[in-house]
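Working notes, structure below.
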Amino acid sequence: MIQVEHLTKRYAGHTALNDLSFSVEKGRIAGFLGPNGAGKSTTMRILSTFMPATSGRVVMAGYDILRKPLEVRRRIGYMPENNPLHLDMRVAEYLRFRGGLRGMSGQALQKRTEEVLEQCDLKEVSKKIIGQMSKGYRQRVGVADAILHGPEVIMLDEPTIGLDPHQVRLFRHMIASLAQNHTVLLSTHILSEVEILCDHILILQGGRLLANDTREEIQKRVGSMTQCLAEIQAPWEPLSETLRSMDSVADFDIQDLGEGFLRCKMHSKDGNDLRPMLFEMIKQKGWSLRELTQDQPSLEDLFVQLTHVGRVNREEPS
Amino acid sequence: MRVFLTLFKREVGLFLSTLSGYVILSMVLFLIGMSLLTVILAYNGRAMDAPLTEAFYSTPFFWFILLLACPAITMRSFAHEKSTGTYESLMTTPVTPLQVLGSKFMSCWLFYGLLWVPLWLMMIWLGRFFNDPGYLDAGIIAGTSLGVMLVGALFLSMGCLASVLTQSQLIAAMIALTLEMALFMLSFVIYLLPDQSGWQAALFEHISLFNHMSDFVRGIVDGRHLTFYLCATALSLFATWRWVESHK
Numbered sequence: 000m001i002q003v004e005h006l007t008k009r010y011a012g013h014t015a016l017n018d019l020s021f022s023v024e025k026g027r028i029a030g031f032l033g034p035n036g037a038g039k040s041t042t043m044r045i046l047s048t049f050m051p052a053t054s055g056r057v058v059m060a061g062y063d064i065l066r067k068p069l070e071v072r073r074r075i076g077y078m079p080e081n082n083p084l085h086l087d088m089r090v091a092e093y094l095r096f097r098g099g100l101r102g103m104s105g106q107a108l109q110k111r112t113e114e115v116l117e118q119c120d121l122k123e124v125s126k127k128i129i130g131q132m133s134k135g136y137r138q139r140v141g142v143a144d145a146i147l148h149g150p151e152v153i154m155l156d157e158p159t160i161g162l163d164p165h166q167v168r169l170f171r172h173m174i175a176s177l178a179q180n181h182t183v184l185l186s187t188h189i190l191s192e193v194e195i196l197c198d199h200i201l202i203l204q205g206g207r208l209l210a211n212d213t214r215e216e217i218q219k220r221v222g223s224m225t226q227c228l229a230e231i232q233a234p235w236e237p238l239s240e241t242l243r244s245m246d247s248v249a250d251f252d253i254q255d256l257g258e259g260f261l262r263c264k265m266h267s268k269d270g271n272d273l274r275p276m277l278f279e280m281i282k283q284k285g286w287s288l289r290e291l292t293q294d295q296p297s298l299e300d301l302f303v304q305l306t307h308v309g310r311v312n313r314e315e316p317s
Numbered sequence: 000m001r002v003f004l005t006l007f008k009r010e011v012g013l014f015l016s017t018l019s020g021y022v023i024l025s026m027v028l029f030l031i032g033m034s035l036l037t038v039i040l041a042y043n044g045r046a047m048d049a050p051l052t053e054a055f056y057s058t059p060f061f062w063f064i065l066l067l068a069c070p071a072i073t074m075r076s077f078a079h080e081k082s083t084g085t086y087e088s089l090m091t092t093p094v095t096p097l098q099v100l101g102s103k104f105m106s107c108w109l110f111y112g113l114l115w116v117p118l119w120l121m122m123i124w125l126g127r128f129f130n131d132p133g134y135l136d137a138g139i140i141a142g143t144s145l146g147v148m149l150v151g152a153l154f155l156s157m158g159c160l161a162s163v164l165t166q167s168q169l170i171a172a173m174i175a176l177t178l179e180m181a182l183f184m185l186s187f188v189i190y191l192l193p194d195q196s197g198w199q200a201a202l203f204e205h206i207s208l209f210n211h212m213s214d215f216v217r218g219i220v221d222g223r224h225l226t227f228y229l230c231a232t233a234l235s236l237f238a239t240w241r242w243v244e245s246h247k
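Chains as they are written, first to last, in numbering that gives the first Met the number 0: chain A, 0 to 317; chain B, 0 to 247.
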């Protein structure tokens, strides 16, 4: 549904996007994750045909954004960052206006407006002036506008920014329900949002794509970061030999704590829990065990690791 | 066409539903009133030797309206949308730059035309006191209206160009006013030239807004004037269209 190939955007003396390539399948919720200034909004703007790219190719819903921008716009619903709305208009009036811009009219527009008002829980405030409404309601108006014409792709740039936790929860529920009929691309820097909502995760840093995986693959990567910690009373060499011979241990680090105790930090190869295996091994060898713990890494840890590496890599050449 | 009409209705509605539209309307009404007062005081008890429209054209207030109203009308057209971000949501719907520019320009032009309605009402009212209908006949009204609308079209197109260049309405108005004033001041360059018969004099006479308007207010529609306004307006709109197209 979304295909991006070698997308690059350069401003004078600054590269905002550097050779971005990814694709998002139909019916998926893809999340753009990245710190501020990573290039999320720039990518969204290019994908929505608002801004031209310096180079690269983007195909949205089967149409090249450069050659057929109007066809692309007919098939996408885009809510830009900060959700700009005409604050002087009433909700239903605004939706009818936006529908008119997309070539809808008459009964069809009226019917669709009613449906969208219902879907976004805006029916009660349909005659209210947008400027007098709370942020949460305005965000809903933004989403209602984005889905009004039944687009194939919905793009939401930072949709939950500025909402209170209750509104965020309602909003997530609304986005999740959209995936039944649409492909959703949303950008955010809130990790929990991506973890809960998205089944395709794209991590951006400094205009580069650091991760482009499905949720399962990301979970695997996070799992591989699982670190097991054990304090064992054992001789160094035999312990080192034993750990090396264990297939599930990807790497390990041993540190002498004194009094015959060694601290071992280990990473699992496939994200499995190493503790039962270690316990068995220690029991068999007849060594003493003082501590055996395993930390539970999150997407945040992966994000920090990736973006930290990304930053170091970018800083190295200079 | 449907998209254009949707945009056009929205733009016209903005003038009629916001305070800024009524502020401009009040300002123009005040200047028209001052213009009427000046004409009445100047010709009170004296014989008129020119059409009534020419009397209005000679007052500075007439030119104040032309020069001040246009930047005030156009300053929000693009700049406001850019500053609030609605320009981004507009340009990601299936609308073409030409539809956006056309709707904005035409709505400004329509509102500008509405601003002059009180002047015609006052003239028609004044005309009732003349014995000779030659002072205000249909030809004179049509010629003056055409002149006012053509100057307005040129100034509004310049205003649209200024508005598309910036996000600030104030800067847009200042750029538009500077452009209009520069064009207006060129009308007086001819008086500074030592040689009144050379090509320079012919050139400045050709682009003199003052000269054009003095013909229009007498009901004379010169093809050269028409060509000048149509070409200059088209050029300015073309530059705006290209800007919208290339700076999406």
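Idealized CB from N, CA, C, for every residue including glycine. Just so it is clear, the structure is predicted and the values come from calculations on it, not from any experiment.
When DSSP reads this structure, residue 213(A) sits in a beta bridge with 199(A). With respect to residue 79(A), residue 87(B) sits close: the two C-beta atoms are nearer than 8 Å. Across the segment 88 to 106 of chain B, CB contacts with chain A closer than 8 Å involve 88, 89, 90, 91, 92, 93, 94 and 95, in sequence order along the chain.
Between the segment 208 to 218 of chain B and the segment 141 to 157 of chain B, the count of C-beta pairs closer than 8 Å reaches three or more; the two stretches touch. At a cut-off of 4 residues, the continuous stretches assigned as alpha helix (DSSP H) that sit fully inside the segment 110 to 153 of chain A are 134 to 146. A residue is called buried once 16 or more other Cβ atoms fall within 10 Å of its Cβ, and residue 106(A), having fewer, is exposed. Between the C-alpha atoms of residue 199(B) and residue 69(B) there is a straight-line separation of about 29 Å. In the three-state DSSP reduction, residue 92(B) falls in the coil class, being neither helix nor strand. As far as DSSP is concerned, residue 37(A) takes part in no beta bridge. Distance from the CA of residue 15(A) to the CA of residue 59(B), rounded to the nearest whole angstrom, comes to 53 Å.
Distance check between residue 174(B) and each of 2(B), 22(B) and 74(B) places 74(B) closest, using alpha-carbon atoms only.
As the crow flies, the alpha-carbon of residue 141(A) is around 37 Å from that of residue 153(B). Per DSSP, the unbroken alpha helix (DSSP H) holding residue 213(B) starts and ends at 208 to 215. Residues of the segment 106 to 120 of chain A with a C-beta less than 7 Å from any C-beta of chain B: none at all. Proximity of residue 69(A) to chain B, defined by a Cβ-Cβ separation below 8 Å, is satisfied. Cα atoms of residue 187(B) and residue 129(B): separation of roughly 33 Å, rounded to the nearest angstrom. Counting along the chain, no alpha helix (DSSP H) covers residue 219(B), and no H or E run does either. Cβ contact annotation for residue 122(A) (same chain, cutoff 7 Å, sequence separation greater than five): 116, in chain order.
For the 8 Å CB-CB criterion, residue 114(B) and residue 182(B) do not form a contact. Taking the beta carbon of residue 83(B) as reference, the chain A residues within 7 Å of it are 83, listed in sequence order. Taking each of 92(A), 145(A), 187(A) and 287(A) in turn and checking the Cα distance to residue 118(A), the smallest one comes out for 145(A). Counting C-beta atoms within 10 angstroms of its own C-beta, residue 197(A) has 16 or more neighbours from the protein chains shown and is therefore classed as buried.
Under the three-state reduction of DSSP, residue 196(B) is assigned to coil, being neither helix nor strand. For residue 54(B), the enclosing alpha helix (DSSP H) starts and ends at 51 to 56. Listed along chain A, no residue sits closer than 8 Å to residue 22(B) by beta-carbon distance, the nearest being about 15 Å off.
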